[in-house]
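Novice:
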Amino acid sequence: MSNLDAAFSALADPTRRAILARLALGEATVMELVEPFEMTQPAISRHLKVLEGAGLILRRVEGTKRPCRLAPTAVAEIDEWLGMLRKTLTANYNRLDDVLAAMKTEE
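For the sequence shown, my numbering assigns the number 9 to the initial residue and increments by one for each residue that follows.
1. Starting from LEU66, trace the beta strand (DSSP E) both ways and give me its first and last residue.
2. Checking 8 Å against the spacing of the C-beta atoms, do ALA62 and ALA18 come in under that value?
3. Closest by CA to PHE45, which one among ARG30, LYS57, LEU59?
4. Quick one: give me the first and last residue of the beta strand (DSSP E) that ARG77 is part of.
5. Could you tell me the alpha carbon to alpha carbon distance between ALA14 and THR48, rounded to whole angstroms?
6. Should LEU56 be labelled buried (16 or more other beta-carbon atoms within 10 Å of its own) or exposed?
7. Report the three-state DSSP secondary structure of ALA62 (helix, strand or coil).
8. For ALA32, which of helix, strand or coil comes out of DSSP?
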């Protein structure tokens, strides 16, 4: 989870989240990713550079194209971290339920 800070920083931008949502459907080139946005290709490329630096996407060279795809290990690391939070919150809510049940039986 060394890139967790970079991943969450990258995810803070709505354009980058939209790009990731598109890549969840499958691999895409930069030009395919530009289409739904009112941005230039260089602007999208800067977003892709941030996502790649955060380890959220992978890019490969295919002639003059640079197809992008999701990096599955990065998403798994984020899910693992969120799972730890879910587990802690569940334990807290269970303790609260126990306290409330004890208070109700005392009445």
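Note that CB positions come from ideal geometry on N, CA and C, so glycine has one too.
Specialist: Looking at the coordinates:
1. 65-67
2. yes
3. ARG30
4. 76-78
5. 24 Å
6. buried
7. coil
8. coil
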